[in-house]
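In the working numbering, the protein residues as written are 51 to 146.
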């Protein structure tokens with residue numbers, strides 16, 4: 051299923067900046083960054099729960115926000131893209 055992950059981390063102090071880097075690093079391991087704090091991730095249920103647990107362990111619930119949007123397996127018709135960045139095709143061919 052395609053999961054859209056968004057986060058907002060308070061970066062007023064060094065600890066917040068560290069949390070921001072850690073959350074981004076975890077998200078990069080599971081998906082593609084599509085905007086500054088937005089990732090598209092193709093995950094199964096177990097991967098999703100594991101990533102949620104990792105991110106919740108990093109974030110500070112008093113200062114930070116984390117959202118998961120479940121777009122499911124038929125996500126192609128739920129996404130429209132406009133603008134300069136190319137559209138991300140998670141199941142498309144991988145060029146190395």
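All C-beta atoms in this analysis are idealised placements derived from N, C-alpha and C, irrespective of residue type, glycine included.
Computed from a prediction, not measured in an experiment: that's the story for all the values here.
Q) Smallest Cα separation from residue 82: which of 108, 52 and 59? A) Comparing Cα-Cα distances from residue 82 to each of 108, 52 and 59, the minimum goes to 52.
Q: Measure from the alpha carbon of residue 103 to the alpha carbon of each residue in 87, 77 and 89, then state which is nearest.
A: Of the listed residues, the one whose Cα sits closest to residue 103 is 77.
Q | 7 Å CB neighbourhood of residue 118 in its chain, flanking five on each side removed | A | Excluding positions up to five away in sequence, the list reads 53, 55 and 102.
Q | Under the three-state DSSP convention, the category residue 122 falls into | A | Collapsing the DSSP output to three states places residue 122 in a strand.
Q | Whole alpha helix (DSSP H) elements within the segment 58-116, 4-residue minimum | A | Annotation note: the segment 58-116 contains the following uninterrupted alpha helix (DSSP H) runs of length 4 or greater, listed N- to C-terminal: 64-80 and 95-108.
Q. By how many angstroms is the C-alpha of residue 95 removed from the C-alpha of residue 57?
A. If you take the alpha carbons of residue 57 and residue 95, they lie about 20 Å apart.
Q. Should residue 120 be labelled buried (16 or more other beta-carbon atoms within 10 Å of its own) or exposed?
A. That one is exposed.
Q | Whole-Å CB distance - residue 73 paired with residue 93, under 8 Å assumed | A | Contact check for residue 73 and residue 93: beta-carbon distance about 16 Å, past the 8 Å limit, so the pair fails to qualify.
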